[in-house]
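K.L.:
Residue numbers (the UniProt record's numbering), protein chains in the order written: chain A, 1 to 162; chain B, 1 to 162.
Glycine is no exception: its CB is placed at the ideal position from the N, C-alpha and C atoms.
2 protein chains.
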Amino acid sequence: MVLMSDDVWLNDEQQRAWVRFISVVERLPGVLDTQLQHDADLTHFDYLTLAMLSEAPDRTLRMTELALVTNATLPRLSHVVSRLEKRGFIERSPSTDDRRATNARLTDAGWEKVGATAPGHVGTVRDYVIDPLDAQDVEDLHRVMGKILAKLDPEHGLRVQR
Amino acid sequence: MVLMSDDVWLNDEQQRAWVRFISVVERLPGVLDTQLQHDADLTHFDYLTLAMLSEAPDRTLRMTELALVTNATLPRLSHVVSRLEKRGFIERSPSTDDRRATNARLTDAGWEKVGATAPGHVGTVRDYVIDPLDAQDVEDLHRVMGKILAKLDPEHGLRVQR
DNA sequence: TCCACTTAGTTGTAGCATCAACCATTCGAT
DNA sequence: ATCGAATGGTTGATGCTACAACTAAGTGGA
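Structure below.
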């Protein structure tokens with residue numbers, strides 16, 4: 001529109017890919033949230049927070065680390081952890097190393113919650129994303145998302161190489 | 001976790017692909033919103049709404065149609081259109097065909113807004129998504145997103161085949 | 001024709017995210 | 001040793017989204 005020079009606009013193939021991609025990006029979170037909200041009274045971000053803690057050593061991470069692995073800003077995480085703490089799934093305690101830092105630890109109740117919630121969530125992920133794809137698709141998804149993620153978050157991409 | 005049978009959990013390659021994908025899904029909207037908010041005082045969804053109208057015949061669509069192409073629910077769209085109407089970018093008028101229906105039409109000011117905003121937005125899309133990808137990546141992205149979108153929104157996938 | 005059902009859209013409310021402002025601690029340079 | 005800057009984190013206000021409830025208009029059968 002307005003400017004049609006190739007450096008600015010997208011070509012047809014790029015345009016088609018973008019439209020599909022952004023549609024998925026807009027719709028997928030709603031699907032995940034709906035299932036988790038309905039079955040576990042958690043947002044997808046709540047679940048991710050609990051899940052990341054459940055995989056950490058001693059079920060504990062500093063807020064900054066947790067924000068990194070959950071793709072969140074610190075204010076957002078702080079609010080979410082406050083709510084999850086009120087519900088008894090997480091405990092906060094000041095770090096002894098660095099007195100500015102806060103450790104978030106998954107409680108036993110939080111651990112149970114993740115275990116009870118995971119199968120339903122993974123089922124949704126399978127239904128809407130993984131099962132429609134063959135092995136080649138999954139490989140391509142991994143590669144393409146890697147390139148985009150490297151742009152969206154350069155440092156993080158280098159740290160968590162997997 | 002808890003249940004490890006292959007039918008329930010994901011294998012390593014699937015897991016890696018999912019983690020990257022969901023990271024992108026969580027981060028991308030923020031990047032788009034930030035640029036548009038900063039440069040045009042629009043959310044990405046605001047922009048999409050205006051852009052879809054700008055491509056429609058007579059710059060007009062019924063609310064239901066507009067909701068479809070913007071991947072939104074009707075309540076969400078209704079609120080957004082109300083705001084955009086207050087700002088003079090959209091006009092609403094009752095449909096003559098079906099007296100339940102409402103037509104949303106892009107005003108001249110709305111048209112100008114889209115034109116002024118598009119280059120910056122497309123620049124962001126290029127920077128973060130398109131430019132890091134080669135032609136093969138774009139093709140793969142298109143194919144894979146097509147399969148996922150077909151699950152997320154079966155009817156729509158059939159209608160807008162492109 | 002009447003009544004039940006569906007479709008189109010709006011509105012109010014509650015909850016989550018973003019942003020800016022803020023405090024406390026630590027680091028780095030002089 | 002001290003002061004300025006950077007880091008780690010929390011909090012409050014504002015704004016958008018989701019959900020439920022609702023009105024109005026069209027549809028389809030008995």
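Closer than 9 angstroms, CB to CB, is MET145/B near chain A or not?
P.N.:
Chain A, which has a Cβ nearer than 9 angstroms to the Cβ of MET145/B, makes this yes.
K.L.:
Suppose contacts are defined by Cβ-Cβ distances below 9 angstroms. Is TRP18/A in contact with ILE22/B by that definition?
P.N.:
Contact: no.
K.L.:
Taking Cβ positions only, does GLN59/B come closer than 9 angstroms to chain A?
P.N.:
This sequence places Arg at residue 59/B; Gln is not what is there. No, because no Cβ of chain A sits closer than 9 angstroms to the Cβ of ARG59/B.
K.L.:
Beta strand (DSSP E) containing PRO119/B: first to last residue?
P.N.:
Not the beta strand (DSSP E): PRO119/B falls in the alpha helix (DSSP H), residues 108-125.
K.L.:
When we look at the beta-carbon of ALA104/A and count the other beta-carbons within 10 Å, is it buried (16 or more) or exposed?
P.N.:
Buried: at least 16 other Cβ atoms inside 10 Å.
K.L.:
At which residues does the beta strand (DSSP E) containing LEU61/B begin and terminate?
P.N.:
Per DSSP, LEU61/B belongs to the beta strand (DSSP E) from 60-62.
K.L.:
Can you name the start and end residues of the beta strand (DSSP E) that GLU91/A belongs to?
P.N.:
Unbroken beta strand (DSSP E) run through GLU91/A: 90-94.
K.L.:
Contact check, LEU106/B vs PHE89/B under 8 angstroms by CB: the rounded distance?
P.N.:
The pair is a contact, with the Cβ atoms about 7 angstroms apart (cut-off 8 angstroms).
K.L.:
First and last residue of the alpha helix (DSSP H) that includes LEU48/B?
P.N.:
Taken as a continuous stretch (DSSP letters only), the alpha helix (DSSP H) holding LEU48/B covers 44-54.
K.L.:
Using three-state DSSP, classify ARG76/B as helix, strand or coil.
P.N.:
Note: ARG76/B maps to helix in three-state DSSP.
K.L.:
Just reading off the alpha helix (DSSP H) that TRP9/A is part of, what are its end residues?
P.N.:
Unbroken run through TRP9/A: none, as it is neither H nor E.
K.L.:
At what residues does the alpha helix (DSSP H) containing ASP140/B begin and finish?
P.N.:
Segment 135-152, the alpha helix (DSSP H) holding ASP140/B.
K.L.:
Under 8 angstroms by Cβ, that's how I've got TYR128/B and LYS151/A pegged, so tell me the actual separation to the nearest angstrom.
P.N.:
About 5 angstroms separates the two Cβ atoms, so the contact holds.
K.L.:
Closest to ASP33/A by CA distance: which of ALA109/B, LEU36/B, GLU26/B and LEU77/B is it?
P.N.:
Of the candidates ALA109/B, LEU36/B, GLU26/B and LEU77/B, the one whose C-alpha sits nearest the C-alpha of ASP33/A is GLU26/B.
K.L.:
Considering only C-alpha positions, which residue in the set ASN71/B, THR70/B, VAL144/B and ARG62/B is nearest to PRO94/B?
P.N.:
Comparing Cα-Cα distances from PRO94/B to each of ASN71/B, THR70/B, VAL144/B and ARG62/B, the minimum goes to ARG62/B.
K.L.:
For ASP46/A, tell me which candidate among GLY146/A, HIS79/A, ARG99/A and ALA101/A has the shortest Cα-Cα distance.
P.N.:
Considering only alpha carbons, the answer is HIS79/A.
K.L.:
Comparing alpha-carbon positions, which option in THR102/A, LEU84/A, VAL24/A and ASN71/A lies nearest residue 163/A?
P.N.:
The requested residue 163/A does not occur in the structure, where chain A is confined to residues 1 to 162.
K.L.:
Can you list, in chain order, the residues of the region 10-28 of chain B whose Cβ is nearer than 7 angstroms to any Cβ on chain A?
P.N.:
Correct list: LEU10, GLU13, GLN14, ARG16, ALA17, TRP18, ARG20, PHE21, SER23, VAL24, VAL25, GLU26, ARG27 and LEU28.
K.L.:
I'd like to confirm the pairing. Which residues does DSSP put opposite THR102/B in its beta bridges?
P.N.:
DSSP, once it has assigned bridges, lists PRO94/B as partnering THR102/B.
K.L.:
Is any beta-carbon of chain A found at less than 9 angstroms from that of LEU36/B?
P.N.:
Taking Cβ atoms only, chain A never reaches closer than 9 angstroms to LEU36/B, which makes this a no.
K.L.:
Under 9 angstroms between C-beta atoms, does ASN103/B make it to chain A?
P.N.:
No, its Cβ sits nowhere closer than 9 angstroms to a Cβ of chain A.
K.L.:
Residues in the same chain with beta-carbon distance under 7 angstroms from LEU10/A, minus the five sequence neighbours each way, listed in chain order, please.
P.N.:
Cβ neighbours of LEU10/A beyond the five flanking positions: TRP18.
K.L.:
Answer with buried or exposed for HIS44/A, where buried requires no fewer than 16 other C-beta atoms within 10 angstroms of its C-beta.
P.N.:
Buried, because 16 or more other Cβ atoms sit within 10 Å of the Cβ of HIS44/A.
K.L.:
Quick one, which of THR70/B, THR64/B and GLY115/B has its alpha-carbon nearest ARG92/B's?
P.N.:
Here the closest residue by C-alpha is THR64/B.
K.L.:
Indicate the three-state DSSP secondary structure (helix, strand or coil) for ARG27/B in the structure shown.
P.N.:
The answer is helix: DSSP assigns ARG27/B an H, G or I state.
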